[in-house]
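Asker: Residue numbers (UniProt numbering): 1 to 333.
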Amino acid sequence: MVKAVVLGAAGGIGQPLSLLLKNNPLVTSLSLYDIVNTPGVAADLSHIATPAKVVGYLPPDDGLKKALAGAEVVVIPAGVPRKPGMTRDDLFKINAGIVRDLATGIATTAPKAFVLVISNPVNSTVPIVAEVFKKHGVFDPKRIFGVTTLDVVRASTFVSEIIGDLSLAPSVTVPVVGGHSGVTIVPLLSQSSHPLPSSISKEDHEALVKRIQFGGDEVVKAKDGAGSATLSMAYAGAEFAVKIIKALKGEKGIVAPTFVNLSADKSGGDALKKEIGKDLDYFSAPVELGPDGVVSIRSLGTLTDNEKELVKAAIPELETNIEKVRETQSKYL
Ligand code: NAI
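The structure is reproduced here in structure tokens:
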């Protein structure tokens with residue numbers, strides 16, 4: 001029995017993500033919370049012939065608390081998406097408050113739940129959830145995850161396009177580390193399960209790295225003011241949520257890149273800080289998942305000189321994004 005909750009379930013990501021979770025037989029209870037439209041979305045999904053019982057909640061009558069009661073996995077795609085010309089950081093002012101309020105609900109109602117944060121800017125919203133949990137005395141770094149899976153999914157797709165065989169995409173794995181915005185997104189292409197053609201030029205290699213880092217901009221531009229990635233994000237969010245659910249149910253050896261507090265695994269986290277040469281509190285690294293959340297934070301492995309440079313370039317922005325939460329604590333927390 002697994003109860004999953006989607007906060008922001010009526011949105012562009014929330015609806016298809018809820019559909020994919022409803023479609024997964026491992027989920028037996030699915031609560032949908034949003035400030036609008038969840039009764040309709042829940043009624044619609046509830047007719048699908050899969051095990052999950054679906055209920056929709058709105059803010060009145062303690063809707064958030066009711067949605068979260070008994071939750072094991074909470075996915076948060078609530079908040080505003082980007083418009084052309086905006087960075088993920090531009091969303092901070094609005095989304096910080098939304099994520100803070102939802103995190104407060106989780107900390108007081110389902111403090112043991114695994115929290116999967118999709119709302120941007122992920123590099124800052126994950127620290128916000130952590131600070132709220134600390135404030136309520138329930139912080140467990142092993143259970144709070146920033147969802148960076150879309151970067152991993154994009155890397156698989158774009159690499160298979162370059163190899164010239166899109167049918168490989170589902171089996172291509174590329175670790176993507178660092179964070180989830182622009183230059184903080186660091187694809188470790190040298191560790192791709194399917195090597196790039198040796199004939200690839202330096203320019204094409206650089207363009208591929210840029211495309212993975214700024215793939216979100218392609219979608220924002222194409223949607224022309226109507227938002228950012230929703231369908232590919234729902235796919236990626238469900239993929240990560242299912243990994244978490246499988247780990248929760250005892251499946252061993254599940255490893256996925258995710259943005260975590262490095263204290264989740266003290267020795268792995270300390271080793272990673274040494275590797276990147278910086279004492280950051282958060283970083284996206286390959287993480288082994290288990291029934292209590294983070295089992296271990298893995299090394300980044302052997303990096304090429306170019307990848308070392310990319311990691312170095314990611315650090316100042318990551319540091320600013322994480323620090324921003326501390327600086328604005330009195331306003332947002
Ligand atoms: P959307 O605007 O379509 O949906 C957001 C939903 O959140 C709406 O239904 C809205 O009513 C709801 N909401 C707003 N305030 C709320 C509150 N206080 N409580 C509960 N629900 C609330 O936006 P979309 O496209 O679904 O994006 C959602 C977030 O996901 C954005 O912050 C976006 O930047 C982020 N995102 C993250 C990605 C990632 O890779 N982690 C990729 C793409 C988007």
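Backbone N, C-alpha and C define an ideal beta-carbon position, used for all residues, glycine too.
#1: CA-CA distance, residue 178 and residue 190?
#2: Fully enclosed by the stretch 74–160, which alpha helix (DSSP H) runs are 4 residues long or longer?
#3: Short of 8 Å in beta carbon distance, which residues of its chain neighbour residue 162, apart from the five on each side in sequence? Order them along the chain.
#4: Below 7 Å, is the gap between the Cβ of residue 13 and the nearest heavy atom of the ligand NAI?
#5: Between the Cα of residue 319 and the Cα atoms of 64, 3, 183 and 58, which residue gives the shortest distance?
#6: Any heavy atom of the ligand NAI closer than 7 Å to the CB of residue 119?
#7: Measuring only the C-alpha atoms, how far is residue 314 from residue 44?
#8: Over what stretch of residues does the alpha helix (DSSP H) that includes residue 216 continue unbroken?
#9: In chain order, which continuous runs of the alpha helix (DSSP H) of length 4 or greater are located wholly inside the stretch 230–297?
#10: Please classify residue 171 as buried or exposed, where buried requires at least 16 other C-beta atoms within 10 Å of its C-beta.
#11: Is the beta carbon of residue 127 sitting closer than 8 Å to the one on residue 257?
#12: Please return the same chain residues whose Cβ sits closer than 8 Å to the Cβ of residue 291, not counting the five positions on each side in sequence.
#13: Between residue 77 and residue 225, is the Cβ-Cβ spacing less than 8 Å?
#14: Can you tell me the Cα-Cα spacing of residue 230 and residue 278, whole angstroms?
#15: Could you check whether the stretch 71–88 touches the stretch 8–21, counting it as contact only if at least three pairs of C-beta atoms, one from each stretch, sit closer than 8 Å?
#16: Going by beta carbon distance, what residues of the same chain come within less than 6 Å of residue 169, once the five residues before and after it are set aside?
#17: Residue 26 and residue 74 - do their beta-carbons sit closer together than 8 Å?
#18: Are there 16 or more other CB atoms within 10 angstroms of the CB of residue 143, so buried, or fewer, so exposed?
#19: Would the beta-carbon of residue 261 be found less than 7 Å away from any heavy atom of the ligand NAI?
#20: Under the rule that 16 or more other beta-carbon atoms within 10 Å means buried, what is residue 84, buried or exposed?
#21: Round the Cβ separation of residue 310 and residue 275 to the nearest angstrom and send it over; I've been treating them as touching at under 8 Å.
#22: Please list, in chain order, all residues of the same chain as residue 286 whose beta carbon is under 6 Å from its beta carbon, the five residues on each side excluded.
#23: In the DSSP assignment, find the unbroken alpha helix (DSSP H) run with residue 40 in it and report its ends.
#24: Below 8 Å, can you find three or more Cβ-Cβ pairs linking the stretch 145–154 to the stretch 118–136?
#25: For residue 252, tell me which candidate among 327, 270, 296 and 235 has the shortest Cα-Cα distance.
#26: Out of 23, 244 and 36, state which residue places its alpha-carbon closest to the alpha-carbon of residue 146.
#27: Would you mind reading off the limits of the alpha helix (DSSP H) that contains residue 318?
#28: Comparing the C-beta of residue 71 with each C-beta of chain C, is any distance below 8 Å?
#29: Quick one: what does DSSP say residue 212 is sitting in, helix, strand or coil?
#30: Looking at C-alpha atoms only, which residue of 42, 34, 37 and 36 is the closest neighbour of residue 21?
#31: Of the residues 141, 165, 173 and 56, which one's Cα is nearest the Cα of residue 344?
#32: Between residue 230 and the ligand NAI, is the CB less than 7 Å from at least one heavy atom?
#33: Buried or exposed for residue 69, going by 16 or more other Cβ atoms inside 10 Å?
#34: For the ligand NAI, any of its heavy atoms closer than 7 Å to the Cβ of residue 116?
#35: Would the C-beta of residue 282 count as close to the ligand NAI, meaning under 7 Å from any of its heavy atoms?
Answerer: In short:
#1: 16 Å
#2: 92–109 and 122–135
#3: 196, 197, 200, 204 and 208
#4: yes
#5: 183
#6: yes
#7: 42 Å
#8: 215–223
#9: 231–248 and 266–276
#10: exposed
#11: no
#12: 247, 248, 249 and 250
#13: no
#14: 33 Å
#15: yes
#16: 156, 157 and 160
#17: no
#18: buried
#19: no
#20: exposed
#21: So it is not a contact: roughly 13 Å between Cβ atoms.
#22: 175, 255, 257 and 298
#23: 38–46
#24: yes
#25: 296
#26: 244
#27: 305–327
#28: The structure shown has no chain C; it contains just one protein chain.
#29: helix
#30: 42
#31: The structure shown has nothing for residue 344, since the chain only spans 1 to 333.
#32: yes
#33: exposed
#34: no
#35: no
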